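No gaps in the numbering here: position 39 of the sequence shown is 149 in the working numbering, and each next residue is one more. From the three backbone atoms N, C-alpha and C, an ideal C-beta is built for every residue, glycine too. In this text the structure is predicted, and so the values were computed from the model without any measurement.
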Amino acid sequence: MRARQDRPSVISSHKLPMTLRAVPVLALALWFAAPVGKAVAQGVLDARYEASLAGIPIGKGAWVIEIDVDQYSASASGGTSGLLQVFSGGHGTGESQGRITNGQLVPTSYAASTTSKKKTESIRMTLVGGNVKESAIEPEPPVDADRIPVVEAHRLGVFDPMTGSFLLAPGTGDPVNAAACHASTPVFDGRMRYDLKFDFKRIETVKADKGYHGPAVVCALYFTPISGYIPDRAAIKYLIEQRNMEVWLVPIAGTRVLVPFRVKIPTPLGNAVLEATQFVTTASPPKSASKTQ
């Protein structure tokens, strides 16, 4: 379902609130994957993240992932704090489940809920074989004639944004390598269809306050909207034009699954950064084996 690819303004002050809303959304949706061999193995991740803007804390989140031999699950939660709480205080949760078939992640369900000062919104999807079977947003958003419509073809061969957070490293060697960044991911988040494309930049060493200390592969990140968005929106234009977004990827122990340790998105106010403060990851035996002992 995925294609490997080699690689794709400043906003005025009255547009900044829109940009600040888009940055956390993209950071949480930096959830991507790529093809891999058949062996995935088993592992667990318990991570905590902090978000900042120009060095000022604006939010915190948690992420728990379980990878088994033939299935996976992930759940995330987070909320704004500090300066961002003043503009758009809120919190959200998300979860995804799926199967691992022929070395590929195949999502089966996705749910997300966000609550701000003005409203609560829930998104639910079910998927079969990479295609969206059902999708609903509550409350249903108003029709906007300027929004590029999502057609049925845009719901085929896609990943939900949570499953999109996993990158399965190719080959059998060290999963932290340049080849991991040579990928493109089609994502449908229940509202918008977009592509995330990556290019290798470098290898760095990262260290969480608790847990992981080791190498990370740093990828350049490019955002290309396909449908479900309004082209004239300043935040969308800004993200499309960005050429300096980066994501640091590290492995879940016992698997070839890489997940974001750090994400950097430049904004007119400074860098927006999502970074792990805790990244505790352990290899685990297959659930089926555990039950027989």
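Point to revise | Exposure label - threonine 391; buried when at least 16 CB within 10 Å | key: Position 281 of the sequence shown, counting from 1, holds the residue named residue 391. Counting Cβ neighbours within 10 Å, threonine 391 comes out buried, since at least 16 surround it.
Check your understanding: Which word fits threonine 295, buried or exposed, when buried means at least 16 other C-beta atoms lie within 10 angstroms of its C-beta?
Key -> Taking the sequence shown and counting its residues from 1, the one referred to as residue 295 is at position 185. The residue is buried, with at least 16 neighbouring Cβ atoms inside 10 Å.
**Study point:** Rounded separation between glycine 274 and isoleucine 375 - CA only
**Key:** Against the sequence shown, residue 274 aligns to sequence position 164. Against the sequence shown, residue 375 aligns to sequence position 265. If you take the alpha carbons of glycine 274 and isoleucine 375, they lie about 18 Å apart.
Point to revise | Inter-residue spacing [alpha-carbon to alpha-carbon] between aspartate 284 and phenylalanine 333 | key: Looking up residue 284 in the sequence shown gives position 174. Looking up residue 333 in the sequence shown gives position 223. A straight line joining the alpha-carbon of aspartate 284 with that of phenylalanine 333 spans about 27 Å.
Exercise for review: List the DSSP bridge partners of methionine 235.
Suggested key: Mapped onto the sequence shown, residue 235 falls at position 125. Looking at the DSSP assignment, methionine 235 forms a beta bridge with Tyr220, Ser245.
Review point. Looking at alanine 393 and glutamine 181, is the spacing between their C-beta atoms short of 8 Å?
Key: Counting from 1 along the sequence shown, the entry for residue 181 is found at position 71. Counting from 1 along the sequence shown, the entry for residue 393 is found at position 283. For the 8 Å CB-CB criterion, glutamine 181 and alanine 393 do not form a contact.
Review point. Run through DSSP, which three-state label would arginine 301 get?
Key: Taking the sequence shown and counting its residues from 1, the one referred to as residue 301 is at position 191. In the three-state reduction of the DSSP assignment, arginine 301 falls in the coil class, being assigned neither a helical nor a strand state.
**Study point:** Among Gly208, Ile313, Thr211, Gly200, the one whose alpha carbon lies nearest that of glutamate 231
**Key:** Translated into the one-based positions of the sequence shown, residue 231 becomes position 121. The shortest C-alpha separation from glutamate 231 is found at Gly200.
Exercise for review: Determine which residues share a DSSP beta bridge with valine 316 and list them.
Suggested key: Within the sequence shown, residue 316 is the residue found at index 206, counting from 1. Per DSSP, Gly324.
Point to revise | Residue of Ser219, Ile340, Val154, Lys347 minimising C-alpha distance to aspartate 254 | key: Translated into positions along the sequence shown, residue 254 becomes position 144. Nearest option by C-alpha distance: Ile340.
Check your understanding: Any idea what DSSP makes of lysine 228, helix, strand or coil?
Key -> For this step, residue 228 is matched to residue 118 along the sequence shown. DSSP, read as helix, strand or coil, puts lysine 228 in coil.
Point to revise | Helix, strand or coil at alanine 288 [DSSP, three-state] | key: Within the sequence shown, the letter at position 178 stands for residue 288. For alanine 288, the secondary structure class from DSSP, reduced to helix, strand or coil, is helix.
Exercise for review: Report the rounded CA-to-CA distance for asparagine 287 versus isoleucine 313, giving the unit in angstroms.
Suggested key: For the purposes of this step, residue 287 is identified with residue 177 of the sequence shown, where counting begins at 1. For the purposes of this step, residue 313 is identified with residue 203 of the sequence shown, where counting begins at 1. Distance between asparagine 287 and isoleucine 313, taken at the CA atoms: about 8 Å.
Review point. Where does threonine 273 fall in DSSP's three states?
Key: Position 163 of the sequence shown, counted from the first residue, corresponds to residue 273. The three-state secondary structure of threonine 273, taken from DSSP, is helix.
Exercise for review: Apply the 10 Å Cβ neighbour rule to threonine 377 and answer buried if 16 or more other Cβ atoms are within range, or exposed otherwise.
Suggested key: The residue labelled residue 377 in the question sits at position 267 within the sequence shown. Residue environment: threonine 377 is assigned as buried (16 or more neighbouring CB atoms within 10 Å of its CB, all protein chains considered).
Review point. Using the C-alpha atoms, what's the distance from asparagine 212 back to proline 395?
Key: For the purposes of this step, residue 395 is taken as residue 285 along the sequence shown, with counting starting at 1. For the purposes of this step, residue 212 is taken as residue 102 along the sequence shown, with counting starting at 1. So the alpha carbons of these two residues sit roughly 19 Å apart.
Exercise for review: Could I get the ranges of all uninterrupted beta strand (DSSP E) runs contained in the region 146–177, with 3 residues as the minimum, in chain order?
Suggested key: Listed in chain order, the complete beta strand (DSSP E) runs (minimum 3 residues) inside the region 146–177 are 153–163, 166–177.
Check your understanding: In chain order, what residues of the same chain lie with their CB nearer than 6 Å to the CB of isoleucine 233, ignoring the 5 residues before and after it?
Key -> Reading the sequence shown from its first residue, position 123 is the one you call residue 233. Answer for isoleucine 233: Ala222, Ile247, Gly300, listed in chain order.
Point to revise | Identity of the residue in Glu176, Ala382, Leu359, Thr365 nearest phenylalanine 371 by Cα | key: Taking the sequence shown and counting its residues from 1, one reaches residue 371 at position 261. That would be Leu359, whose Cα lies nearest to the Cα of phenylalanine 371.
Review point. So glycine 169 and alanine 186 are in contact, right, with Cβ under 8 Å, and what is the actual spacing, rounded?
Key: Position 59 of the sequence shown, counted from the first residue, corresponds to residue 169. Position 76 of the sequence shown, counted from the first residue, corresponds to residue 186. Rounded, the Cβ-Cβ distance is 12 Å, inconsistent with contact.
Exercise for review: Quick one: grab the DSSP three-state call for leucine 349.
Suggested key: Counted from its first residue, the sequence shown places residue 349 at position 239. Of the three classes helix, strand and coil, the one that applies to leucine 349 here is helix, per DSSP.
Exercise for review: Label threonine 224 either buried or exposed according to how many other C-beta atoms from any shown protein chain fall within 10 Å of its C-beta, with 16 as the threshold for buried.
Suggested key: Within the sequence shown, the letter at position 114 stands for residue 224. Per the 10 Å Cβ criterion, buried.
Check your understanding: Roughly how many angstroms lie between the CA atoms of arginine 303 and valine 261, to the nearest whole one?
Key -> If you number the sequence shown from 1, residue 303 lands on position 193. If you number the sequence shown from 1, residue 261 lands on position 151. In a straight line, the C-alpha of arginine 303 is about 10 Å away from that of valine 261.
Practice item. Assign alanine 157 to buried or exposed, taking buried as 16 or more other Cβ atoms, counted over all protein chains shown, within 10 Å of its Cβ. Key: What you label residue 157 is simply residue 47 of the sequence shown in a count that begins at 1. Burial of alanine 157 is indicated by the presence of at least 16 other C-beta atoms within 10 angstroms of its C-beta.
Review point. Does the Cβ of valine 133 have 16 or more other Cβ atoms within 10 Å, making it buried, or fewer, making it exposed?
Key: Residue mapping note: residue 133 aligns to position 23 of the sequence shown, counting from 1. Annotation note: pLDDT 41 at valine 133 (below 50); position unreliable, coordinate value reported separately. Around the C-beta of valine 133, 16 or more other C-beta atoms lie within 10 Å, and the residue is accordingly described as buried.
Exercise for review: Have a look at methionine 272 and threonine 236 and give me their C-alpha separation to the nearest angstrom.
Suggested key: Position 162 of the sequence shown, counted from the first residue, corresponds to residue 272. Position 126 of the sequence shown, counted from the first residue, corresponds to residue 236. Linking methionine 272 to threonine 236 through their CA atoms gives a straight-line distance of about 13 Å.
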